Amino acid sequence: MISDALRYPVSDALGRAALLRCGVSVVALAVGVRYAVAVAPSIVALVPAAVAFVGAVVLFGTAAVILGSDERRPLPSVRAVVRPGLEALALSVVVLVPAIVLLTRSLIETPAALAQENGAGLGLFSLVSSTIAIFFFAACAYVYPAAVAASVSTGRLRAAAEAETVLPALTDPTYFLRWTVGFSFVVFAAWLAATAVRRGDVLGLLAAGVAAYAVVAGARTVGVGYARASGGGPR
């Protein structure tokens with residue numbers, strides 16, 4: 004499974020096209036964020052911010068197509084992935100962002116609470132809260148790709164919230180196994196993307212390319228799991 008995922012971005016025509024598009028998107032996202040932060044709060048920051056936003060839309064849209072589309076269809080044009088990209092971004096704001104904010108806050112506050120003198124009760128509460136936040140984030144991250152795949156495969160954003168569309172995949176061991184592998188790829192890609200934002204040299208460009216590779220491989224892995232769990236057959 005892992006070897007198939009790693010080969011997909013270079014051995015499949017759709018995978019190669021997606022890799023190229025995702026690579027350009029990650030570079031645009033990293034450069035846009037880097038320069039937007041550098042010139043903020045000047046109004047000029049809107050230009051690199053717009054570049055970063057376009058990069059994010061194309062990146063999310065391409066990954067969404069890999070997650071939910073039939074592999075026999077060619078990769079849509081850049082214009083055609085705008086809608087699934089916007090929908091995937093909207094779903095990330097609803098499903099992932101609250102969990103990420105809660106997890107980040109818990110991880111920041113828990114060490115401080117544990118370090119306080121005579122704060123055993125507060126520290127224990129913070130530790131329990133952090134544990135709950137971790138499980139909540141994992142649950143949201145587990146649901147998110149299935150919701151995106153359901154939206155793309157049906158052509159309806161509402162399908163992402165329909166239990167009869169999403170639940171069969173979420174309760175299938177095949178989806179769980181492949182999500183675990185795909186999630187690892189995406190976490191690695193996020194770390195590399197952050198490196199690309201911080202560095203504006205060759206190492207940053209290399210990090211962006213590897214991040215795109217990991218995104219395509221991860222989306223492919225989870226997409227196969229979703230297709231098989233939802234009755235779409237092997238991909």
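Terminal number for the sequence shown in our numbering: 238, no gaps in between.
Each residue gets a CB set at the ideal place from its N, CA and C atoms; glycine is no exception.
It should be emphasised that the depicted structure is a prediction, and the values quoted were computed from it without experimental measurement.
Rounded to whole angstroms, what's the CA-CA distance from residue i to residue j? Just pull it up for me.
i: Y229; j: S45; result: 44 Å
i: Y11; j: V68; result: 15 Å
i: T177; j: G221; result: 15 Å
i: A197; j: A33; result: 8 Å
i: V84; j: G212; result: 20 Å
i: S28; j: V81; result: 11 Å
i: A210; j: T174; result: 35 Å
i: V47; j: A39; result: 8 Å
i: A149; j: D15; result: 23 Å
i: P171; j: V97; result: 21 Å
i: G185; j: A141; result: 13 Å
i: L78; j: V61; result: 12 Å
i: I103; j: I137; result: 9 Å
Just to confirm, is the Cβ distance from residue i to residue j under 8 Å?
i: S133; j: L99; result: no
i: A214; j: A199; result: yes
i: L22; j: V155; result: no
i: V36; j: A55; result: yes
i: L70; j: G226; result: yes
i: F63; j: L92; result: yes
i: A2; j: A162; result: With the chain represented from 4 up to 238, any question about residue 2 goes unanswered, as that position is not in the structure.
i: V151; j: L94; result: yes
i: F191; j: T224; result: no
i: T168; j: T183; result: no
i: E90; j: L160; result: yes
Buried or exposed: which applies to residue i, given that a residue is buried once 16 or more other Cβ atoms fall within 10 Å of its Cβ?
i: P101; result: exposed
i: G88; result: buried
i: L180; result: exposed
i: V13; result: exposed
i: T107; result: exposed
i: S6; result: exposed
i: G58; result: buried
i: L49; result: exposed
i: E120; result: No answer about E120 holds up, because its pLDDT of 48 lies below 50 and its placement is not dependable.
For the ligand FAD, I want to know if residue i counts as a neighbour, meaning its beta carbon is within less than 7 Å of at least one of the ligand's heavy atoms.
i: V227; result: Ligands are entirely absent from the displayed structure, and the ligand FAD is therefore not among its contents.
I need the boundaries of the alpha helix (DSSP H) containing residue i, first residue and last residue.
i: V233; result: A small correction: the amino acid at residue 233 is Ser; Val does not occupy that position in the sequence shown. Segment: none, S233 is in no alpha helix (DSSP H) and carries neither H nor E.
i: A93; result: V85 to V98
i: R159; result: Note, R159: premise wrong, no alpha helix (DSSP H); not H, not E.
i: S45; result: Note, S45: premise wrong, no alpha helix (DSSP H); not H, not E.
i: D175; result: D175 -> no alpha helix (DSSP H), and no H or E assigned at all.
i: P12; result: I5 to S14
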